[in-house]
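If you're matching positions, the sequence shown starts at 21 in this note's numbering and goes up one per residue.
The beta carbon of each residue, even a glycine, is placed where N, CA and C say it ideally should be.
Before any comments, here is the structure.
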Amino acid sequence: ALAPPESPPARSPAPASPPSPASAPVAAEPAPSPPVPTPAPTTPTSPPASSPAEPPPAQAAVEACNEALATEAQNVKVNFANFSTDIALNSRGGLKRIAALAKTCPGVTIEVAGHSDNFGDARINKDLSQRRASAVVQFLIREGVAPSSLNAVGYGQEQPIAPNTTAEGRRLNRRVEFHISPARTPG
Numbered sequence: 021a022l023a024p025p026e027s028p029p030a031r032s033p034a035p036a037s038p039p040s041p042a043s044a045p046v047a048a049e050p051a052p053s054p055p056v057p058t059p060a061p062t063t064p065t066s067p068p069a070s071s072p073a074e075p076p077p078a079q080a081a082v083e084a085c086n087e088a089l090a091t092e093a094q095n096v097k098v099n100f101a102n103f104s105t106d107i108a109l110n111s112r113g114g115l116k117r118i119a120a121l122a123k124t125c126p127g128v129t130i131e132v133a134g135h136s137d138n139f140g141d142a143r144i145n146k147d148l149s150q151r152r153a154s155a156v157v158q159f160l161i162r163e164g165v166a167p168s169s170l171n172a173v174g175y176g177q178e179q180p181i182a183p184n185t186t187a188e189g190r191r192l193n194r195r196v197e198f199h200i201s202p203a204r205t206p207g
């Protein structure tokens, strides 16, 4: 026969002790809920203030662009044959560099100033210098410069840079200059 399963030994109950006043049943207070983290107040972050000697980055970029364009414009020589509005082949590379820079300088304006020598009638020379300036403006537009940033002005023989008494002087006076009006800086 099988023996009945063993049961665990019986435990004797702990002696009952009278309740102490501290352990007397009391209505339990709800446990405090854990604190809810509150997000720190948000304020827009701004870059550290630049020192007065350093322009803000946007202003510095505009100024650098304007300076690069002005420097290139001073170095580019655009000459024309006598009584011609055809831009010399050796002048086109410089004009392309000016166009590339002008496209990166938003807000800049360029006056293309045409000049002539004093050979011939002053009115004809003024008209020729206007047409030369216009030819350069059209070249820059074809290279992608915004027409609104360009202005062609013909000065004729009014502003020579060399004496018109020699062939070399007259050649130098048949030219185009660039007068750069920088973009306004933000602020």
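Separation of residue j from residue i, as counted between CA atoms
i: Ser70; j: Thr129; result: At Ser70 the pLDDT is 49, less than 50, meaning the model places this residue with poor confidence; the figure from the coordinates comes in the next sentence. Ser70 and Thr129: Cα-Cα distance of roughly 28 angstroms.
i: Gly127; j: Leu160; result: 16 angstroms
i: Leu115; j: Asp141; result: 29 angstroms
i: Ala101; j: Gln179; result: 18 angstroms
i: Phe139; j: Asn145; result: 8 angstroms
i: Ser201; j: Ile181; result: 22 angstroms
i: Ala78; j: Gln150; result: 36 angstroms
i: Arg194; j: Asp106; result: 12 angstroms
i: Ala88; j: Arg143; result: 35 angstroms
i: Ser111; j: His135; result: 16 angstroms
i: Pro167; j: Phe103; result: 26 angstroms
i: Val82; j: Ala108; result: 31 angstroms
i: His199; j: Ala84; result: 17 angstroms
i: Asn86; j: Glu163; result: 19 angstroms
i: Pro64; j: Gly113; result: Residue placement at Pro64 is flagged as unreliable, the pLDDT there being 48, under the threshold of 50; the coordinate-derived value follows with that caveat. Rounded to whole angstroms, Pro64 to Gly113 spans 47 angstroms at the Cα level.
i: Pro125; j: Val165; result: Looking at the sequence shown, residue 125 is not Pro but Cys. Approximately 10 angstroms, taken between the alpha carbons.
Enclosing beta strand (DSSP E) for residue i [first to last residue]
i: Arg194; result: Element bounds for Arg194: n/a, residue is neither H nor E.
i: Val157; result: Segment Ala142 to Arg162 is the alpha helix (DSSP H) holding Val157; no beta strand (DSSP E) there.
i: Val173; result: Leu170 to Gly174
Beta-carbon separation (whole angstroms), residue i vs residue j, contact threshold 8 angstroms
i: Val132; j: Leu170; result: 6 angstroms
i: Val157; j: Val98; result: Not really, about 11 angstroms apart at Cβ, beyond 8 angstroms.
CB of residue i within 8 angstroms of CB of residue j, strictly
i: Asn15; j: Asp137; result: Not covered by the structure: residue 15. The range shown for the chain is 21 to 207.
i: Val96; j: Ala153; result: no
Residue interval of the alpha helix (DSSP H) (run including residue i)
i: Thr129; result: Element bounds for Thr129: not the alpha helix (DSSP H) but the beta strand (DSSP E), Thr129 to Gly134.
i: Asn110; result: Leu109 to Thr124
Task: the region 168-176 contacting the region 185-195, beta-carbon criterion three pairs below 8 angstroms - done: With the cut-off at 8 angstroms, the region 168-176 and the region 185-195 do not touch.
Task: Given 8 angstroms, three or more beta-carbon pairs between the region 113-121 and the region 88-100 - done: Between the region 113-121 and the region 88-100, the count of Cβ pairs shorter than 8 angstroms is three or higher; the stretches touch.
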